[in-house]
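First comes the structure, then the notes that go with it.
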Amino acid sequence: MDLSSFSTDLLHADDNVEDLCDVSPAIHLSTTYEYTKDNKPRDAVYSRESVPTVQRCEAVLAKILGAPCVTYSSGLSAAYALLVHLCPRRLYLERAEKGGYHGSLGVADIFKRHSHIEIHTLDKLDGNDFVLEKGDIVWLETPLNPTGEATDIARYAKIAAQKDAVVIVDATFAPPPLQDPLQMGAHWVLHSATKYFGGHSDLLAGVVASNDSSAIAQLLHDRTYLGTIPSGHTAWLLLRSLRTFELRITRQAATAAELVKRLHELVLKSGLQAVKHSSLQHESYIAKQMPGGHSPTFAIYFDTEGQAAAFPRELKLFHHATSLGGVESLVEWRALSDSHCDRRLVRVSVGLENVDDLWLDLLHGIETVRKDT
Numbered sequence: 001m002d003l004s005s006f007s008t009d010l011l012h013a014d015d016n017v018e019d020l021c022d023v024s025p026a027i028h029l030s031t032t033y034e035y036t037k038d039n040k041p042r043d044a045v046y047s048r049e050s051v052p053t054v055q056r057c058e059a060v061l062a063k064i065l066g067a068p069c070v071t072y073s074s075g076l077s078a079a080y081a082l083l084v085h086l087c088p089r090r091l092y093l094e095r096a097e098k099g100g101y102h103g104s105l106g107v108a109d110i111f112k113r114h115s116h117i118e119i120h121t122l123d124k125l126d127g128n129d130f131v132l133e134k135g136d137i138v139w140l141e142t143p144l145n146p147t148g149e150a151t152d153i154a155r156y157a158k159i160a161a162q163k164d165a166v167v168i169v170d171a172t173f174a175p176p177p178l179q180d181p182l183q184m185g186a187h188w189v190l191h192s193a194t195k196y197f198g199g200h201s202d203l204l205a206g207v208v209a210s211n212d213s214s215a216i217a218q219l220l221h222d223r224t225y226l227g228t229i230p231s232g233h234t235a236w237l238l239l240r241s242l243r244t245f246e247l248r249i250t251r252q253a254a255t256a257a258e259l260v261k262r263l264h265e266l267v268l269k270s271g272l273q274a275v276k277h278s279s280l281q282h283e284s285y286i287a288k289q290m291p292g293g294h295s296p297t298f299a300i301y302f303d304t305e306g307q308a309a310a311f312p313r314e315l316k317l318f319h320h321a322t323s324l325g326g327v328e329s330l331v332e333w334r335a336l337s338d339s340h341c342d343r344r345l346v347r348v349s350v351g352l353e354n355v356d357d358l359w360l361d362l363l364h365g366i367e368t369v370r371k372d373t
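For the sequence shown, UniProt numbering assigns the number 1 to the initial residue and increments by one for each residue that follows.
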């Protein structure tokens with residue numbers, strides 16, 4: 001009898017991976033594992049190939065992502081492994097000026113050095129003058145970094161299907177249960193597990209998932225030789241975090257949506273430049289694509305660069321740092337880490353603090369920088 005639900009899977013999907021009496025999973029730090037006395041193979045032989053705690057993480061992630069998966073030492077190593085595996089002739093991805101994680105562009109540029117790949121901007125697919133063939137990649141990032149705005153997965157999946165192209169969705173900003181790209185027509189889903197899956201700003205990891213089981217098996221094989229498996233300690237931290245993932249992401253998403261609502265009202269009343277977030281979008285696909293809520297990350301646009309640069313230091317409850325997804329709220333004048341970003345933009349990552357406390361802190365910071373400039 002299957003009694004599992006999302007929250008139960010987070011706690012029990014890995015119960016049968018190891019035969020241990022420990023209630024809390026063990027931390028496996030060994031790099032090598034002893035052969036059996038009768039020379040029978042074990043699952044664990046060498047830690048570049050397999051680590052028991054990594055297998056436990058993958059069991060949980062596969063369950064909540066709805067497909068077999070492979071974990072990596074970072075989100076970018078996951079992205080690179082996927083490009084190497086698929087080896088596309090053409091790659092379509094978001095224009096840097098519109099948004100999107102600059103690390104993905106960096107990985108694509110590295111891949112281009114030893115391949116003949118053509119890199120095109122995603123907006124080319126909006127017209128009629130584009131070439132898209134079998135095996136080409138349509139790379140979507142939704143919600144988009146740094147604004148948290150959504151892109152219509154089903155629309156691009158339909159375009160790709162007509163040409164037998166591959167759709168990859170970087171869904172880092174809205175993991176399940178907020179959205180499920182595979183249900184919307186994506187072939188692959190990618191996450192930086194550093195962010196919401198990790199959730200405590202203390203690990204680096206990545207994950208890719210697909211219903212193509214043979215491709216997943218090949219990626220597991222390739223990972224052994226790329227040397228990009230997470231360490232046992234990292235996997236243990238990630239597994240610890242996954243136990244409370246649903247509690248964290250739903251609370252963070254609800255808090256962010258409320259803060260965005262209040263900030264949007266402030267924009268309408270006081271002339272603050274803008275707030276960007278998928279909860280403010282009115283396109284019909286939004287509700288279907290994101291049934292579980294919206295990203296806990298959004299963007300504030302100030303009137304001037306000076307205001308945006310000054311804003312983080314006026315806040316008490318938000319750390320001024322890059323990254324996102326942790327239990328603590330972060331704010332970043334995004335120009336410090338992404339040269340393509342609008343210099344008036346501040347990215348906000350909402351943690352688990354009280355919503356009213358965060359609101360008062362944001363309001364104080366906004367009023368202070370607008371008064372001083």
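Ideal Cβ placement from N, Cα and C applies to all residues, glycine included.
Comparing C-alpha positions only, which one of the options sits nearest to residue i?
| i | options | result |
| --- | --- | --- |
| D170 | N145, E141 and S210 | E141 |
| E34 | R240, M184 and S47 | S47 |
| L91 | Y80, S192 and A299 | Y80 |
| A26 | G135, T234 and V355 | T234 |
| F302 | D136, K269, K37 and V369 | V369 |
| P176 | L358, P296 and D123 | P296 |
| D126 | K158, A96 and P143 | K158 |
| R344 | N354, V275 and V189 | V275 |
| S337 | S7, L362, W188 and S323 | S323 |
| T172 | D152, M184, P146 and K163 | P146 |
| E353 | D38, Q252, A335 and S7 | Q252 |
| A215 | T255, P68 and S241 | P68 |
| I153 | H120, V189 and F130 | V189 |
| G232 | S349, S5, T53 and E265 | T53 |
| A257 | G148, L272 and E133 | G148 |
| G227 | N16, T31 and Y196 | T31 |
| G66 | A13, V45, C21 and H114 | A13 |
| T194 | L204, H187 and A186 | L204 |
| A310 | L362, H277 and K288 | L362 |
| L86 | Q273, A108, L360 and V355 | A108 |
| L76 | S278, V207, P291 and T304 | V207 |
| A96 | A335, Q281 and E246 | A335 |
| E49 | H114, L61 and T71 | T71 |
| P230 | L10, A78, S284 and S5 | A78 |
| L61 | S339, K269 and Y196 | Y196 |
| A160 | A174, L122 and P143 | L122 |
Specify the secondary structure class of residue i as computed by DSSP and reduced to three states.
| i | result |
| --- | --- |
| T172 | coil |
| A44 | coil |
| Y92 | strand |
| L345 | strand |
| V166 | strand |
| Y33 | coil |
| E97 | coil |
| E18 | coil |
| Y80 | helix |
| Y225 | helix |
| H120 | strand |
| E58 | helix |
| A256 | helix |
| L219 | helix |
| A26 | coil |
| V51 | coil |
| E246 | helix |
| K63 | helix |
| A150 | coil |
| A274 | strand |
| L140 | strand |
| H85 | helix |
| G75 | helix |
| A13 | coil |
| M1 | Only weak support is given to the placement of M1: the predicted model assigns it a pLDDT of 37, under 50, and the value that follows is read from those uncertain coordinates. Three-state DSSP puts M1 in coil, outside helix and strand. |
| T8 | helix |
| Y156 | helix |
| D180 | coil |
| K112 | helix |
| L125 | helix |
Checking the sheet assignment: what are the DSSP bridge partners for residue i?
| i | result |
| --- | --- |
| A209 | C69 and V189 |
| Y285 | Partner(s): none; Y285 has no beta bridge. |
| T297 | S349 |
| E265 | Beta-bridge pairing links E265 to no other residue. |
| W236 | Note: W236 sits in no beta bridge, so no partner. |
| V107 | Answer is none; V107 lacks a bridge partner. |
Round the Cβ separation of residue i and residue j to the nearest angstrom and send it over; I've been treating them as touching at under 8 angstroms.
| i | j | result |
| --- | --- | --- |
| I249 | L358 | The pair is not a contact, with the Cβ atoms about 17 angstroms apart (cut-off 8 angstroms). |
| L182 | R56 | Not a contact, Cβ separation roughly 22 angstroms. |
| H294 | S278 | 5 angstroms |
| G325 | G198 | 7 angstroms |
| L132 | A165 | 5 angstroms |
Would you verify that the beta carbon of residue i is, or is not, closer than 9 angstroms to some beta carbon of chain B?
| i | result |
| --- | --- |
| E258 | Among the chains in the structure shown there is no chain B, since it carries only a single protein chain. |
(request) Entirely within the region 305-373 and at least 3 residues each: give me those beta strand (DSSP E) ranges in chain order. (result) 330-333 and 345-349
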